[in-house]
Structures are given as C-alpha cells and as structure tokens.
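Participant: The structure is given below, and queries will be raised subsequently.
Protein chains: 2
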Amino acid sequence: MTESISLVEAFQQTKYQIAGNGKRNIQNLKEAFEQIDGQRESDMYGNGKIIETFQEKMAAYLGKESAVFIPSGTMAQQIALRIWCDEKGIKKVAYHPLSHLEIHEESGLKELHHIETVLLGEVAGLIGLEDIRNLDQEIACLLLELPQREIGGQLPDYKTIEEISEYCKTNGIRLHLDGARLFEILPYYQKSAEEVCSLFDSVYISFYKGIGGIAGAILAGDNDFTIQSKVWKRRHGGDLISLYPYIISANYYFDKRISKMEQYYENAIELAAFFNSCPFIETKPAVPVSNMFHVHISQSKAKLEVLFKEIYYNTGIGLTSYLKETSQSSVSFEVSVGDQYHSIPKDKLQSVFQLLQDKLK
Amino acid sequence: MTESISLVEAFQQTKYQIAGNGKRNIQNLKEAFEQIDGQRESDMYGNGKIIETFQEKMAAYLGKESAVFIPSGTMAQQIALRIWCDEKGIKKVAYHPLSHLEIHEESGLKELHHIETVLLGEVAGLIGLEDIRNLDQEIACLLLELPQREIGGQLPDYKTIEEISEYCKTNGIRLHLDGARLFEILPYYQKSAEEVCSLFDSVYISFYKGIGGIAGAILAGDNDFTIQSKVWKRRHGGDLISLYPYIISANYYFDKRISKMEQYYENAIELAAFFNSCPFIETKPAVPVSNMFHVHISQSKAKLEVLFKEIYYNTGIGLTSYLKETSQSSVSFEVSVGDQYHSIPKDKLQSVFQLLQDKLK
C-alpha cells in the first residue's frame, strides 16, 4: 500500500509532523496580512514607516544602535564581512568549515567580494578559542554561527564565546554573529538577545527559521556599520522598492512566536530522548541546546524508507520528509521543533516511538 | 490655506492624479492574493510550481528559451553583464551615461563585479550605431535601455536597434536589453515583445513600472545563460526561500494591465499635448513614445510650488508630487501614465490645464 509512494509523499499525507511550524504555503502570507490595513503605505527603497519601525524594533531587541532589513541572510552576511574587511584593509575572514557561506552560497563571498576565507576548527566540532589563537595569518573578521547548524545545532559554552569576544577585541578582529537561529538558543544560555549580541560587532538574524516568517533578515551593528550596510544592500540589488511583504510577516510571526522558544527547546530535548531510546539511533547533540538536532540512524536508506512509510501510514505521524544517505548503512535528517510538535497527543508520540523501537530491533 | 502644507502633502490630498496606477500601499498585495488559494505551496529556493510556471510564461512571452525570476533589476542586470564579461574574458561593458547602473546602484557593477564601464553617447541623447562603431576599446556587452528613462523615455527608431543588433552580432558583442519599461514601448513600435527581444542576447523586464506590481524582475536568455544566472542569483543573495509574494503579484498585475499599454501610450500623448499647450512648459519627448515623458517648466521652483498647490486645491487634480530644480529658474518632473489618467473626467482635465495656462501667463 505504501510501496508506490515516495517518503516525501507519505510524509505529506500524515496528520501530524514532529518538526516545524506547518506547511510553507500562501496561507502564511494571508494570515500575516489579515489584520493589516490595506491603506498603509509601502516602504520605498529602504525608507518609510513600515521598514524603519521594524528596523528600530529589532535594533532595540538586539541591543544594537541600528539595523537594516535585508532580503536574505546570504546578502546580509556577505555585506557584514565586506564592511569589516574594507575597514581593516585585509580581505580575509575566518569561519567554520560548514558555514552557510562555505557550502550554500556558490562562493558568493569569493566571487563577488574577493574575500579569502580561513576554515577554522574541525568539520565535526565547534570553533574554540585555541583555533583563533593559533591562526597563523591576519584576518579582518571571525564569523561565529550559533548554533552550528550543519553539525546538529551545537553550541560552545557561554564562557567560550566571552573569551573569543575578548580575544577578538584585544587583537583587532571584528566578531560577526551568524544568528540565523539566535532566538532559538536563548533559552539554553538563559541570556537575552542583547546580552549575546553585546559580544559581537555585527549580528545577522533570520525570520523564517524558528520564527516561521516568509523570508528576510536583519543585519545590526553600530550606526556607521548600518550606513555602510545600506550602501552595500543597494549594490547587491537588495534595496527593493517594497520589502513590506517580508517585513510585515516577519513582524507578525516574531510577535507570535518569540515567546515560544523555551517551549520549542524543551520539546526538542523530549523529542531527542524519544529518538535516542530507539536502537541504531542517536541524535547530535545527544541533548539539544536549541530547538534543533540531527538524527543519525545506522541502517540502510532503502530499509528505513519502507519502515518509515509504514509508520507514517499506521500512526499518522510524520518523522521526516527525507533521509540523507551518509554511508551505505547510515542516514541522517534534521529536526527543528516548532509549533507542530506541541499539538501531537503525548500517547500518540509514545506509540510512534514504541513502534520505531520494535521495528528497528 | 495651502501655504502650510508641502507639495507632496497637497498632492496626496487630491482626488485624482494624472500619473500612475494609484497608491503604492498594502492593498496592492491584498488584491493580488485575494483569489489565491492559501493551500498553494510556496516556491523553495527557486524551485516549485509558482516560480517555474511564471518563469516559463515570461520566457514564452519574451521569445527566449528560459527565464529566471530575480528580486530586483539591479541584481538582474549586474548578473547579465557579469555573465557576458566572463564569457568573453573582458571585464568591460558599454551603456548610456544615465543608465540605472551608472546613477542609481552605488557602483555595484564596479564594486562587486569589477567591471569597467564605457559611457556611450551624449547625456541628453540616445546611443546610435556610430557611437558603437567608434568605440576604441573592446567590450563584452552593450546595454541598451528602451526607453531611455532619464531623458524622458526616448526611443531610437526601430531600424537603429536592428542595425545595432546586427553590428553587435557581427563583432562579437553581446547585446543586453534594459527592458524595465519594455511593455510600455511595444505600442509605439507596433512590435511584439518577442520581436524586440529577438534582437537581444539577454533581456531584463520589471513588474512595478507600467505593470504596477510590488517588486521583482525577470532575466531571460538562452538556457545556458539562465543556468548561470541562477548561480549568480544565489551568490548575490537573491535566491530567497520564498519569492512568491512578488511572483504572484507580478503575475496578477501582468494579466491585469498588459493589454492596457496601448491605452497608457495614447493617454501619454494626449497628456503631453495638454502640458505643451501651457506657456513655459515643454515635455521631453515632445510627443511621447511610451507611457512616460518628462515635463520641463522654465519657472522657479518656489513660484511653481505655490501655484501647483493652489491648482491641486481648487481642482482636486494632482499633477506631480515633486518638482526637481534643474536651475534657479527651471524645474522638471516625470510622468508615467497608468490606470489613473483614464478615470479623470475629460472636462476636469481641460479645466486644470486651462487654469495652469492662465496662471503661468
């Protein structure tokens, strides 16, 4: 019965999904705009009430002097690194080997900005203070991604960030935060966004991860940094005449979900424990430090696809829409907890993992 | 009574405005999405039905093999020029001295792509075949903007474009169309978009000029060009997870207004004649060749502001929201005809220009 359909199709037919805030469909936009007065004027090339008010709100939230709304994180972060490189007159930055800039942006930083990159730390680990101390070349900026998404959303302890920040300040290295998932790590650190951001010269945040907006980013820093960011935003082609479709929705979903990050975090811990109770399964991190983690299963993709489809069909609960083959006998997938986990009845959750345990034995 | 408010405020209070498609407000988005099923899935990083269908529709309309939706014209055109420069191994392009790339993009082409530019033709005139023939340096690409917006939306005769296209083809120069207002010139040339575009290797079109969409651009060419465009779109930070707010609205307003370009063009001719009937006023071009023209008035800005505010107050018709000082005793402003002109009763139009004639005497 489930043989003829793909895993993603089987997943889409489930009543419940353990991860995310629900489908990325047009209703997301409609909901955000439902209560918005149609007579409100569009922003105009970075000016106007809608964009300025949101930028001020986010600057205040992050504890920075100012902020600029930018269509994408790719654009925002290239801009930040370029500004810091130009300031120092050194076109070199350092980041983790699995940074978004290194693996998802078609080398935009190199092709557009001619910035060299130093890959810092082990692929499977986090950047530590020693990695920066041992740098044998001068860099303008260090980019830290918190949490480190591609290794399951791991985090250094807070003291390490403080030490790195102190070291960078002392040694004339700008520190930039890839905070695509900044909101999501605050419950673990028990810090405000402002406290975390005070350790960084510039900060990027995203509105379509835990917040569940449509797209868009904020880049924040001091006033001089923001003035330059706006020039680079125009150069990149990001200074659209109207960005309000993203801004209004970012603001709407920020207000709707910012207070739920603690819940997502706690749910992620519970959910990871469910996975870790099954044979052949372990999560990274073992105990999540945000709303996300990676699930690794030491079984073949072919076997697991059949097994997962059966489980989806029998329980109505979808665990993942894809399995990424990491070897002939292992797979992994990412889980980011959002609104949906909370709505699954606890007994149904227990039974789906009981079933998974039994079938994997 | 009108002294205490600014020209733009007086303009905003008028019942009718001679130019444009109406206010740029959030209703533009709401209207476009009203009939759209909320369950339709978002595009995802350049993939999915919504974006692919629209790209195919525009490629067919333009008579090109393929097309890619890009958030802005600034991004689209830098990408096109970069691709053609890389192809030829020469980082040099030519365009008009008042090209959008030269005066509105903070030198993005130079700062991001390190492309040198040759300014071709007189500031106040159009690029002619001789200008290209007389080039004393090799270029990879020539960008033609049709119509040339900053000089009132002027156009060369069609034969000149054909000759330029032929010359470029023969001499290994790629020809790129800045078609931000391509739709708007088709009635004058009495050509299809496909016919015009067949003279160019690559074409950019915009959806928030005559079409009145929210933002967004299409870049079209052959398949190899489009494949490369998508890579550069990602590098620029334009490959957003969801572009549907712009795509759905571009499609909606394209369908709504594409057949009205003839009307806008004819209205522009009539409206320019009204202006030219007044002392001290002349339009450029004298007879419009698209929906747009510039109005030049040989009077001081201070005097005209008072006069225009009175007229707006007395007639309820707004002529312009701004006056750009071109000397101590002259101003200019741009007029792009859209839906609004058509809705103004003809007798009201005649009386507003009668009043303007009388007051300028």
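Residue numbers (the numbering used here), protein chains in the order written: chain A, 3 to 363; chain B, 3 to 363. Backbone N, C-alpha and C fix where the C-beta goes; we use that ideal spot for every residue, glycine too. What you are looking at is a predicted structure, and each value in this text was computed from that prediction instead of being measured.
Out of K361(A), H116(A), E108(A), I117(A), which one is the CA nearest neighbour of F282(A)?
Facilitator: As a first step, residue 282(A) is located in the first sequence; it is residue number 280 there, counting from the start. Closest by alpha carbon: K361(A).
Participant: What is the rounded straight-line gap between the Cα of A34(A) and the Cα of Y255(A)?
Facilitator: For the purposes of this step, residue 34(A) is taken as the residue at position 32 of the first sequence. For the purposes of this step, residue 255(A) is taken as the residue at position 253 of the first sequence. Cα to Cα, A34(A) sits roughly 7 Å from Y255(A).
Participant: Determine whether the Cβ of S331(B) lies closer than 8 Å to any Cβ atom of chain A.
Facilitator: Along the second sequence, read from residue 1 onward, the residue named residue 331(B) stands at position 329. No, S331(B) lies away from the interface with chain A (no Cβ there is under 8 Å from its Cβ).
Participant: Taking buried to mean at least 16 other C-beta atoms within 10 Å of its own C-beta, is P347(B) buried or exposed?
Facilitator: Numbered from its first residue, the second sequence carries residue 347(B) at position 345. The residue is exposed, with fewer than 16 neighbouring Cβ atoms inside 10 Å.
Participant: On the three-pair Cβ rule with 8 Å, is the region 246-254 of chain A touching the region 280-295 of chain A?
Facilitator: The region 246-254 of chain A, when compared against the region 280-295 of chain A, does not touch it at the 8 Å Cβ threshold.
Participant: Which residues bound the alpha helix (DSSP H) around L221(A)?
Facilitator: Your numbering for residue 221(A) matches position 219 in the first sequence. Looking at the DSSP string, L221(A) is not in any alpha helix (DSSP H); the run it does join, the beta strand (DSSP E), is 219-223.
Participant: Cβ of T228(B) less than 8 Å from any chain A Cβ?
Facilitator: Taking the first residue of the second sequence as position 1, residue 228(B) is located at position 226. Answer no: the Cβ-Cβ gap between T228(B) and chain A never drops below 8 Å.
Participant: In this structure, does DSSP put K112(B) in helix, strand or coil?
Facilitator: In the second sequence, counting from the first residue as 1, residue 112(B) sits at position 110. If DSSP states are grouped into helix, strand and coil, K112(B) belongs with the helices.
Participant: Check the DSSP bridge columns for M294(A) and list the partner residues they point to.
Facilitator: For the purposes of this step, residue 294(A) is taken as residue 292 along the first sequence, with counting starting at 1. S338(A), per the DSSP bridge assignment.
Participant: Between which two residues does the alpha helix (DSSP H) holding Y97(A) run?
Facilitator: Here residue 97(A) refers to the residue found at position 95 when the first sequence is read from its first residue. Per DSSP, Y97(A) belongs to no alpha helix (DSSP H); it is in the beta strand (DSSP E), 94-97.
Participant: Please check if any C-beta of chain B sits within less than 8 Å of the C-beta of Y246(A).
Facilitator: The count along the first sequence starts at 1 and reaches residue 246(A) at position 244. Yes, contact with chain B.
Participant: Could you spell out where the beta strand (DSSP E) holding L131(B) opens and where it closes?
Facilitator: Counting from 1 along the second sequence, the entry for residue 131(B) is found at position 129. It is not in any beta strand (DSSP E) - L131(B) instead sits in the alpha helix (DSSP H) that spans 131-135.
Participant: So, using beta-carbon positions, are Q19(A) and Q342(A) closer together than 8 Å?
Facilitator: Position 17 of the first sequence, counted from the start, is the residue given in the question as residue 19(A). Position 340 of the first sequence, counted from the start, is the residue given in the question as residue 342(A). Yes; because the gap between Cβ atoms is below 8 Å, this pair is in contact.
Participant: If the cut is a Cβ gap below 8 Å, which residues of chain B does M77(A) touch?
Facilitator: Here residue 77(A) corresponds to residue number 75 of the first sequence, with the count starting at 1. Per Cβ cutoff of 8 Å: H238, G239, G240.
Participant: So, are the CB atoms of L201(B) and S194(B) less than 8 Å apart?
Facilitator: For the purposes of this step, residue 201(B) is identified with residue 199 of the second sequence, where counting begins at 1. For the purposes of this step, residue 194(B) is identified with residue 192 of the second sequence, where counting begins at 1. Cβ atoms of L201(B) and S194(B): not closer than 8 Å.
Participant: Helix, strand or coil: which one does DSSP assign to I166(A)?
Facilitator: Start at 1 with the first residue of the first sequence, and residue 166(A) comes out as number 164. Helix.
Participant: In the structure shown, what three-state DSSP assignment does A69(B) receive?
Facilitator: Sequence index remark: in the second sequence, residue 69(B) carries index 67 (1-based). A69(B) falls in the strand class under three-state DSSP.
Participant: Give the single residue among K311(A), I216(A), E113(A) whose Cα lies nearest to the Cα of I319(A).
Facilitator: Counting from 1 along the first sequence, the entry for residue 319(A) is found at position 317. Per the Cα distances, K311(A).
Participant: Give me the residue from L9(B), K17(B), A12(B), F13(B) with the minimum Cα distance to S345(B).
Facilitator: Here residue 345(B) corresponds to residue number 343 of the second sequence, with the count starting at 1. Here the closest residue by C-alpha is K17(B).
Participant: State the beta-bridge partners of I299(B) as determined by DSSP.
Facilitator: Here residue 299(B) refers to the residue found at position 297 of the second sequence. Its beta-bridge partners are I283(B), V333(B).
Participant: Give the DSSP-derived three-state secondary structure of K326(B) in the structure shown.
Facilitator: As a first step, residue 326(B) must be located in the second sequence, where it is residue number 324. Correct three-state label for K326(B): strand.
Participant: Under three-state DSSP, which class holds G320(B)?
Facilitator: What you label residue 320(B) is simply residue 318 of the second sequence in a count that begins at 1. G320(B): strand per DSSP, three-state reduction.
Participant: Please tell me whether T322(A) and S353(A) are closer than 8 Å, where the distance is taken between their beta carbons.
Facilitator: Indexing the first sequence from 1 puts residue 322(A) at position 320. Indexing the first sequence from 1 puts residue 353(A) at position 351. Contact: no.
Participant: So, with DSSP's three-state summary, where would you put L128(B)?
Facilitator: By one-based count along the second sequence, residue 128(B) stands at place 126. Coil at L128(B), not helix or strand.
Participant: Three or more beta-carbon pairs under 8 Å between the region 216-228 of chain B and the region 52-68 of chain B, yes or no?
Facilitator: They touch, by the three-pair rule.
Participant: With DSSP run on the structure shown, which of helix, strand or coil describes R176(A)?
Facilitator: As a first step, residue 176(A) must be located in the first sequence, where it is residue number 174. Note: R176(A) maps to strand in three-state DSSP.
Participant: Given a cut-off of 8 Å, decide if L184(B) and L145(B) are closer than it, judged by their beta-carbon atoms.
Facilitator: Here residue 145(B) refers to the residue found at position 143 when the second sequence is read from its first residue. Here residue 184(B) refers to the residue found at position 182 when the second sequence is read from its first residue. Not closer than 8 Å, so no.
Participant: Is the beta carbon of K303(A) sitting closer than 8 Å to the one on V333(A)?
Facilitator: For the purposes of this step, residue 303(A) is taken as residue 301 along the first sequence, with counting starting at 1. For the purposes of this step, residue 333(A) is taken as residue 331 along the first sequence, with counting starting at 1. Contact: yes.
Participant: So, are the CB atoms of L177(B) and D203(B) less than 8 Å apart?
Facilitator: To locate residue 177(B), count along the second sequence from 1; it is residue 175. To locate residue 203(B), count along the second sequence from 1; it is residue 201. Yes, these two residues count as a Cβ contact at 8 Å.
Participant: Hey, how far is the Cα of I87(B) from the Cα of C143(B)?
Facilitator: Here residue 87(B) corresponds to residue number 85 of the second sequence, with the count starting at 1. Here residue 143(B) corresponds to residue number 141 of the second sequence, with the count starting at 1. First, the residue type needs correcting, since residue 87(B) is Cys and not Ile in the sequence shown. Going from the Cα of C87(B) to the Cα of C143(B) covers about 7 Å.
Participant: Short of 6 Å in beta carbon distance, which residues of its chain neighbour P99(A), apart from the five on each side in sequence? Order them along the chain.
Facilitator: Locating residue 99(A) in the first sequence gives position 97, where the first residue counts as 1. Within the same chain, P99(A) has close Cβ partners L121, V125.
Participant: Taking the straight line between their C-alpha atoms, what separation do you get for S74(A) and G240(A)?
Facilitator: Translated into positions along the first sequence, residue 74(A) becomes position 72. Translated into positions along the first sequence, residue 240(A) becomes position 238. Taking the straight line from one Cα to the other gives about 8 Å.
Participant: Considering only residues of the same chain and omitting the five flanking positions on each side of I260(A), which have a CB-CB separation below 8 Å?
Facilitator: Working through the first sequence from its first residue, we reach residue 260(A) at position 258. F185, I213, listed in sequence order.
Participant: Strictly below 9 Å CB to CB, what residues from chain B border E43(A)?
Facilitator: For the purposes of this step, residue 43(A) is taken as the residue at position 41 of the first sequence. Under the 9 Å cutoff, chain B gives K25, R26, N27, I28.
Participant: Among the candidates H102(A), T76(A), T119(A), I81(A), whose CA atom is the shortest distance from the CA of V95(A)?
Facilitator: Residue numbering aside, residue 95(A) sits at position 93 when the first sequence is read from its first letter. With distances taken between Cα atoms, V95(A) lies closest to T119(A).
Participant: Note down, in chain order, every chain B residue with its Cβ under 7 Å from the Cβ of V233(A).
Facilitator: Here residue 233(A) refers to the residue found at position 231 of the first sequence. Result: E108.
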